[in-house]
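For reference, the structure is listed below as structure tokens.
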Amino acid sequence: MKKVSELFSGKAKTVYTTEDENRLILHFRNDTSAFDGEKIEQLDRKGMVNNKFNAFIMEKIQQAGVDTHHDKILSDQDSLVKKLDMLPIECVVRNISTGSLCRRLGVEDGVDLTPPTFEFFLKNDELHDPMINEFHINTFGWATESEVDDMKVLTFKVNDILKPLFSNAGLLLVDYKLEFGRYKGKLILGDEFTPDGCRLWDIETRAKMDKDRFRQGLGGVVEAYEEVAHRLGVQLA
Ligand code: ADP
Numbered sequence: 021m022k023k024v025s026e027l028f029s030g031k032a033k034t035v036y037t038t039e040d041e042n043r044l045i046l047h048f049r050n051d052t053s054a055f056d057g058e059k060i061e062q063l064d065r066k067g068m069v070n071n072k073f074n075a076f077i078m079e080k081i082q083q084a085g086v087d088t089h090h091d092k093i094l095s096d097q098d099s100l101v102k103k104l105d106m107l108p109i110e111c112v113v114r115n116i117s118t119g120s121l122c123r124r125l126g127v128e129d130g131v132d133l134t135p136p137t138f139e140f141f142l143k144n145d146e147l148h149d150p151m152i153n154e155f156h157i158n159t160f161g162w163a164t165e166s167e168v169d170d171m172k173v174l175t176f177k178v179n180d181i182l183k184p185l186f187s188n189a190g191l192l193l194v195d196y197k198l199e200f201g202r203y204k205g206k207l208i209l210g211d212e213f214t215p216d217g218c219r220l221w222d223i224e225t226r227a228k229m230d231k232d233r234f235r236q237g238l239g240g241v242v243e244a245y246e247e248v249a250h251r252l253g254v255q256l257a
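Counting with the numbering used here, you get residues 21 to 257 for the letters of the sequence shown.
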């Protein structure tokens, strides 16, 4: 499958149409951004690592029974996906407190959350992705009530699939963000699952192995992503 034309370009990926109206190509770029695009850098190999990492995780999720948009990897930085009608919503599950949760609620960093907690955010950079609730989603028609239910069930199901996968690789899945979209009347998982959109800590040292290394200027960003991929058994070369 070949790229036909550029549909749009986000902060980390460029999306292309293909000869098949139901398929898109996602091109994972090296661009790395934080703080709603205020900090941007090019990080060598990041597009390739994220593309391969994402395919590996999407396949695991799919095999465990959650439908995803992922079809196949086409090249180092390109993947073929089903074209979804994306909902403008981000779904976040948190297993350990950190980041904006601590800033907003004044809770201590690094505490196990039992049960894990769930948040919806509106996907809108200009508004800095504000937190929203189910009533907002309903009132403004961003998703139906059954889609809201599906997003919660599916996002937690991904937690059940991925937490053991990462812990077997010596990593804590601290939190993660998912995006869903409609495909032929059904809600399925879209976008990506990479260390750009989740937090992963080493199980022993709690060292950060995700995009917080970039946000906090810790360095070794792609090296950490490669280490995570290596521990999971993702083939990079
Ligand atoms: P951002 O939107 O945060 O800048 P990206 O650079 O990752 O993020 O851009 C990718 C864009 O493609 C996002 O808007 C995402 O919602 C959208 N997208 C991801 N998967 C699909 C899909 N299968 N069909 C349609 N759009 C998708």
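For every residue, glycine included, the Cβ atom is placed at its ideal position computed from N, Cα and C.
Legend entry - Residues with C-beta closer than 6 Å to any heavy atom of the ligand ADP, in chain order: G30, K31, A32, K33, V35, L44, H89, V101, K102, K103, L104, M106, E199, G201, G210 and D211
Inset, instruction - Assess, as a yes-or-no matter, whether the segment 99-116 is touched by the segment 195-214 under the definition of 3 or more beta carbon pairs within less than 8 Å. - result: yes
Legend entry - Neighbourhood of A75 by C-beta distance below 8 Å, restricted to the same chain and skipping five residues each side: Within the same chain, Cβ atoms closer than 8 Å to the Cβ of A75 are found at H90, K92, I93 and S99, the five residues on either side in sequence being excluded.
Legend entry - Contact under 8 Å by Cβ, V131 with I152: It is not a contact, given that the beta carbons lie outside the stated cut-off.
Legend entry - Nonlocal neighbours in the same chain, by C-beta distance under 7 Å from D64, ignoring five residues either side: N50 and V242
Inset, instruction - Indicate whether A32 and D216 have their beta-carbon atoms separated by less than 8 Å. - result: yes
Inset, instruction - Pick out the complete beta strand (DSSP E) segments inside the segment 135-212, 3 residues or longer, and give them in chain order. - result: 191-203 and 206-210
Inset, instruction - Note down the Cα distance separating E58 from A163, rounded to an integer number of angstroms. - result: 29 Å
Inset, instruction - State the Cα-Cα distance for the pair Q255 and V101, rounded to the nearest angstrom. - result: 20 Å
Inset, instruction - Answer yes if the segment 68-84 comes into contact with the segment 124-140, meaning at least three C-beta pairs across the two stretches below 8 Å, and no otherwise. - result: Output reads no: the segment 68-84 does not touch the segment 124-140.
Inset, instruction - Using the DSSP secondary-structure output, state which residues sit across from M68 in a beta bridge. - result: Answer by DSSP bridge pairing: none, since M68 is not bridged.
Inset, instruction - Sort out for me which residues DSSP pairs I109 with in a bridge. - result: L142
Inset, instruction - Could you name the residues that DSSP lists as bridge partners for V101? - result: L44 and H90
Inset, instruction - Report yes if the CB atom of Y196 is closer than 8 Å to the CB atom of F176, and no otherwise. - result: Contact: no.
Legend entry - Beta-bridge pairing of T52 - partner residues as DSSP gives them: E61
Inset, instruction - Could you name the residues of the same chain whose beta carbon sits closer than 6 Å to that of F48, not counting the 5 residues immediately before and after it, in chain order? - result: K33, G67, N70, N71 and Q97
Inset, instruction - Indicate the three-state DSSP secondary structure (helix, strand or coil) for V35 in the structure shown. - result: strand
Legend entry - Short Cβ contact (8 Å threshold) for T118 with V194: yes
Legend entry - Those residues which DSSP pairs with F28 across a bridge: V35
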